[in-house]
Structure formats: structure tokens, C-alpha cells
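Everything below concerns the one structure shown next.
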Amino acid sequence: METWRIVATVLLAVAGLPLVLVVMAKARDRTDSSGTVAVTGAVAFAALLLLGVVMLTVLPGALTWTLLGLVVAALGVMMLAS
């Protein structure tokens, strides 16, 4: 496995885990339902996990770094908006 794939996946995890928490907080603000918050967190975490596995295995470099940039940008926007 190439080093750049590992670095990109670690950066995805560093940016993605707080993003999952922000998404869960936004779901809590909108619905006041703990079940909805749990489902939202599980779906966001599963999507993050799936994206990490795909980045580690099959995605080309340009697409991997582009997706990482989008996740970091999404985190930045959500943190500034809250």
C-alpha cells in the first residue's frame, strides 16, 4: 500500500470524525429525537468508514485528494455555520 493512501486516509479520519459529531449535533438541533440522532451518526460514520476503505484500496490519487479536500471544506463550513 502506498504511503500517500495511508496519509490521505488518516487525514480523512481526523477531519471526518469531528464532521460526524457536527452532523449529529445538527440532527439533534432539528429533531430533538435521540433515535434520529443515533441513526444519523451511524449513517455518517458508515459513510466515512466506507470512503476510507475505498480511498485505501481503489480510488486514484487525484480523486482521493479531491474528496479529502471536500470533507475538510465541509467540516470548515459546518463549524463556521454553527
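According to the UniProt record's numbering, the residues represented by the sequence shown are 1 to 82, in order. We put the CB at the ideal spot given by N, CA and C, even for glycine. Computed from a predicted structure; not experimentally measured.
Considering Cα atoms alone, identify which of Leu-75, Val-7, Val-54 is closest to Gly-16. Leu-75
Sub-8 Å separation of Gly-52 and Ala-81 beta-carbons: no
Ala-27 beta carbon less than 8 Å from that of Thr-64: No, these two residues do not count as a Cβ contact at 8 Å.
How big is the Cα-Cα spacing for Thr-36 and Leu-11? Rounded to whole angstroms, Thr-36 to Leu-11 spans 28 Å at the Cα level.
Assuming contact is defined by CB atoms lying nearer than 8 Å, are Ala-44 and Val-23 in contact in what I supplied? yes
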